[in-house]
Each structure stands twice: as structure tokens, then as C-alpha cells.
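I have placed the structure first, in the form of C-alpha cells, so that the comments after it can refer back to it.
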Amino acid sequence: MSLRSSATSVRTTFVSFSPSLKSKVLSLLPPRKLRTLVALSRTERIAAVRICLRLVQIRFRLARWPFPAVLRHVRIAAARCRKIDDPAMTARRIGGWVARAARVLPGRYLCLPQALTAYVECSRYGLDPKLRVGVMRSADARFEAHAWLEHDGEIVVGYLPNLDEFRVFDRAGELVK
Numbered sequence: 005m006s007l008r009s010s011a012t013s014v015r016t017t018f019v020s021f022s023p024s025l026k027s028k029v030l031s032l033l034p035p036r037k038l039r040t041l042v043a044l045s046r047t048e049r050i051a052a053v054r055i056c057l058r059l060v061q062i063r064f065r066l067a068r069w070p071f072p073a074v075l076r077h078v079r080i081a082a083a084r085c086r087k088i089d090d091p092a093m094t095a096r097r098i099g100g101w102v103a104r105a106a107r108v109l110p111g112r113y114l115c116l117p118q119a120l121t122a123y124v125e126c127s128r129y130g131l132d133p134k135l136r137v138g139v140m141r142s143a144d145a146r147f148e149a150h151a152w153l154e155h156d157g158e159i160v161v162g163y164l165p166n167l168d169e170f171r172v173f174d175r176a177g178e179l180v181k
């Protein structure tokens with residue numbers, strides 16, 4: 005048996021094991037989230053890890069860089085990232101992945117890092133997302149800001165019930181409504 009054929013047989017053995025064996029292996033893993041990650045397909049696992057890393061990177065940059073520099077970095081990353089042709093990957097699905105990653109990661113990943121991460125990921129899959137940043141005064145006269153991402157009029161991440169009360173900024177930083 006040559007080295008090449010043995011490598012192929014080993015690869016097939018690991019890739020095509022029975023579903024019952026897979027469930028036994030997954031049941032041995034203690035954290036539920038790790039079991040969920042391992043249960044994903046290879047493509048989904050790569051996307052999940054990439055989204056987690058991007059969230060951490062954007063949060064780190066938001067803490068240390070001025071917002072225009074972070075926004076410029078995100079737009080460059082969205083334009084330069086390798087495009088992936090996957091018709092199954094919708095904006096809603098990407099938004100779900102980003103929201104799930106924000107819940108799993110330690111620390112607080114609020115609306116802006118989530119919206120920026122979803123912007124890059126949607127661009128990666130050939131979608132044309134719109135980043136929205138809005139402000140409003142709450143009932144107790146506090147200033148509130150919120151960021152969300154839209155695609156084809158649908159909110160991908162950052163949905164709030166009172167979203168229509170926010171005054172949205174355009175690209176130049178001027179209030180739109």
C-alpha cells in the first residue's frame with residue numbers, strides 16, 4: 005500500500021463515520037456550545053470561527069481607533085475579502101451567525117461591532133448591505149445611539165421595536181430624517 009492510498013483511506017475513514025459514532029463522540033464533549041460547533045459542517049465551522057475573529061477584531065479597533073478609521077478599515081476589508089459564491093447563505097442567516105457569535109464570546113458585543121461584522125460577511129457573500137447608524141432622545145431625555153444593518157429593506161442585525169424613532173445618519177454624517 006502506498007503512502008498516498010493509505011492517506012486517502014485514512015481521510016475517508018474520518019470523513020465518513022457512522023451517524024451513531026458521531027453522536028457518541030459529540031455526547032462526550034462537555035460544553036454544549038463546543039458540541040454545536042463540532043456538529044456543524046466544515047464550511048459552517050470556518051464561517052463561525054471567521055465571524056468570531058472578525059467580531060473580536062472590530063471590537064478591539066473600536067476601543068482604540070477613531071470611528072472613521074474603523075469604518076474605513078471595514079469598507080476596505082469588505083471590498084478586499086475573497087468572494088464566496090454560496091446561494092444558501094442569506095443575509096438573515098449571516099445575521100443569525102453574527103448574533104449567535106456575539107452571545108457566545110466573552111465580553112459585550114453591542115450593536116456596532118455586530119453591524120460592522122455582518123457588513124463584511126454580507127459583502128463576502130456578494131450581498132449589498134446598508135449600514136445604518138441612528139440617534140434619538142429617550143423618554144428621560146437621554147441620548148441614545150444604535151447601529152443596524154439592512155439588506156433589501158430587511159434588518160439583518162440590530163433590530164429594535166422602536167427603530168423608526170431613530171434619526172439616521174447618511175454616509176457624510178448628516179442626519180437623514
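Under the numbering used here, think of the first position of the sequence shown as 5, with each following residue one higher. Just so it is clear, CB atoms sit at the ideal spot from N, CA and C, and this is done for glycine as well.
C-beta contact flag for residue i and residue j at 8 Å
i	j	result
E125	V102	yes
V78	I55	no
G213	V161	Because the chain is modelled from 5 through 181, residue 213 falls outside the range shown and cannot be assessed.
S142	P133	no
A82	L131	no
Y129	M93	yes
Local Cβ density within 10 Å of residue i, reported as buried at 16 or more and exposed below that
i	result
L120	buried
Y113	buried
P72	exposed
F147	exposed
L44	exposed
L57	exposed
P70	exposed
A145	exposed
A67	exposed
L32	Below a pLDDT of 50, predicted positions are generally treated as unreliable, and L32, at 48, falls in that range; the measurement from the model is reported next regardless. By the 10 Å Cβ count, L32 comes out exposed.
Which listed residue (the options) has its alpha carbon closest to that of residue i
i	options	result
L59	L167, V108, A83, R141	V108
L164	R136, D132, L57, I80	R136
R104	A51, D144, F173	A51
E158	R65, R97, V74	R97
For residue j and residue i, believed in contact at Cβ under 8 Å, the rounded distance
i	j	result
R65	V53	Not confirmed; about 19 Å, so no contact.
### Query
Are at least three pairs of beta-carbons, each pair with one atom in the segment 146–157 and one in the segment 72–89, less than 8 Å apart?
no
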